[in-house]
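Participant: What follows is a structure written as structure tokens; I'll ask about it next.
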Ligand SMILES: C[S@@+](CC[C@H](N)C(=O)[O-])C[C@H]1O[C@@H](n2cnc3c(N)ncnc32)[C@H](O)[C@@H]1O
């Protein structure tokens, strides 16, 4: 039976799955912190493990969480600070029900999320724990994966299960509805170096734009997902994030969005088509010049300021840290601590917004704060 699983049809599979649902441990009822006995697949050679469904009905202030992953990863999740200390979730204001936003239908994009009030740049829009996490794998037959995911969803608390099943679906395949929902709504979550897909139902209602007014980030150590405004958002304005890299050109963005999310983007930038790519080319050109440290370099303060402005004009406020870093280096390289300080502070702020408070990857700008004169870039260029 094991060898033929990949070839049997769904009806046969449905009869097979029940007896094949192996309990991880038949001898004890002690599966805390999980609320149900884990239900596992057989050993999957390519993963080097079985995969099991684990559900906590109480995690995240009784919002609940189901996980389909390996026993080893489930132990890591259970040992994480978010599981051991519910207070840590409160400390980070996670799963707080706020009236900062509401959802309503949008023309051509399904439901969308809108600002219930004016939201300032840097303010949080959502901050939540996931309700479903699934190990990313392509080894289980889809129908079999669906069976386990169905159990994962059925074991969630009623309102949480409802919020998941109401989400939009990427493909209308009645045989694998949960996978349709996951494909259309999940965010990547790395746990212990292993890819997982995680569903955060609030953020799932946020539509895409290529000049988004908000930015998301996932904190795997705290099992949390944040959406933060990157520019001022008016009351009743739609809240948007980027599903694809906004620094890619029009064709690349459209291809990614079509392939991964099955829609054609008609946002302001996309409506200008390839014409808007000229600004991206200008960014690339300016960055190349500003990265040239040879004596014949054409780098200048004017070009650094132009780079910052081009990012802003494209509505890429959430992606500004490289531009600010170039500007900080440029000012420092002509001995202007004032200019360097202004831009390094902006670069750090933008970087934290994008990657979270714990991470810092400023590349060439690293170690510049308060060390302007000992930084490698100090007076590297002749003032013009
Ligand atoms: C994560 S959901 C976003 C919320 C969704 N609109 C809903 O009704 O629940 C992703 C799906 O929303 C739609 N969508 C998101 N952004 C869009 C856009 N800019 N243009 C058209 N459709 C969009 C696509 O169908 C996409 O697969």
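Residue numbers (this note's numbering): 573 to 956. Beta carbons are placed, not taken as given, at the ideal position from N, Cα and C, and that holds for glycine.
1) Please say whether residue 739 and residue 713 have beta carbons closer to each other than 8 Å?
2) Give the secondary structure of residue 676 by DSSP, where H, G and I count as helix, E and B as strand, and everything else as coil.
3) Since residue 736 and residue 703 are thought to touch, with beta carbons under 8 Å apart, how far apart are those beta carbons, to the nearest angstrom?
4) Could you give the residue range of the beta strand (DSSP E) that holds residue 902?
5) Would the segment 820-832 and the segment 848-857 be scored as touching if the rule is three or more Cβ pairs under 8 Å?
6) Buried or exposed, going by whether 16 or more other CB atoms sit within 10 Å of the CB of residue 716?
7) Between the Cα of residue 615 and those of 924, 642, 942 and 648, spot the shortest distance and give me the residue it belongs to.
8) Could you tell me if residue 726 is buried or exposed, where buried requires 16 or more neighbouring beta carbons within 10 angstroms of its beta carbon?
9) State the beta-bridge partners of residue 941 as determined by DSSP.
10) For the alpha helix (DSSP H) that residue 725 lies in, which residues bound it at each end?
11) Is it true that the CB of residue 785 sits closer than 8 Å to the CB of residue 801?
12) Which residues mark the beginning and the end of the beta strand (DSSP E) in which residue 911 is found?
13) Can we say the segment 944-956 touches the segment 899-908, given the rule of at least three CB pairs closer than 8 Å?
14) Please say whether residue 623 and residue 603 have beta carbons closer to each other than 8 Å?
15) Classify residue 894 as buried or exposed, calling it buried when 16 or more other Cβ atoms lie within 10 Å of its own Cβ.
16) For residue 613, which residues of its own chain have a beta-carbon under 7 Å away from its beta-carbon, when the five flanking residues on both sides are left out?
17) Considering only residues of the segment 606-674, which uninterrupted beta strand (DSSP E) runs meet the minimum length of 3 residues and lie entirely inside it, listed in chain order?
18) By DSSP, does residue 838 sit in helix, in strand, or in coil?
19) Taking the beta strand (DSSP E) that residue 698 belongs to, which residues open and close that run?
20) Can you tell which of 694, 933, 857 and 935 has the C-alpha that lies nearest to the C-alpha of residue 804?
21) Excluding five sequence neighbours on each side, which residues of the same chain lie with their C-beta closer than 6 Å to the C-beta of residue 941?
22) Please report the straight-line C-alpha distance between residue 619 and residue 724, rounded to a whole angstrom.
23) Give the range of the beta strand (DSSP E) segment to which residue 704 is assigned.
24) Any contact between the segment 925-939 and the segment 882-893? By contact I mean 3 or more CB pairs, one from each, below 8 Å.
25) Nearest to residue 687 by CA position, among 655, 812, 605 and 606, is which residue?
26) Please name the residue in 868, 877, 787 and 778 whose C-alpha comes closest to that of residue 674.
27) Residue 825: beta carbon under 7 Å from a heavy atom of ligand 1?
28) Once you ignore the five residues that flank residue 808 on each side, which residues in its own chain have a CB closer than 6 Å to its CB?
29) Once the 5 residues before and after residue 682 are set aside, which same chain residues still bring their CB inside 6 Å of it?
30) Rounded to whole angstroms, what is the Cα-Cα separation between residue 708 and residue 865?
31) In three-state DSSP terms, what is residue 528?
32) Nearest to residue 664 by CA position, among 858, 648 and 701, is which residue?
Facilitator: Well, looking at it:
1) no
2) It is a strand residue.
3) 6 Å
4) Segment 893-905 is the alpha helix (DSSP H) holding residue 902; no beta strand (DSSP E) there.
5) yes
6) buried
7) Looking at the Cα atoms, 642 is the closest of the given residues.
8) exposed
9) Paired residue(s): none; residue 941 is not in a bridge.
10) 714-726
11) Contact flag set, yes.
12) Element bounds for residue 911: not the beta strand (DSSP E) but the alpha helix (DSSP H), 909-927.
13) yes
14) No, they are not a contact pair.
15) buried
16) 622, 623, 712 and 720
17) 624-628 and 637-641, all fully within the segment 606-674.
18) coil
19) 696-700
20) For the residues 694, 933, 857 and 935, the minimum Cα distance to residue 804 belongs to 694.
21) 916
22) 20 Å
23) 704-707
24) yes
25) Among 655, 812, 605 and 606, the Cα nearest to that of residue 687 belongs to 812.
26) 778
27) no
28) 686
29) 740
30) The alpha-carbon of residue 708 is positioned some 43 Å away from that of residue 865.
31) Within the shown structure, residues of the chain are numbered from 573 to 956, placing residue 528 beyond reach of any answer.
32) Comparing Cα positions, the closest option is 701.
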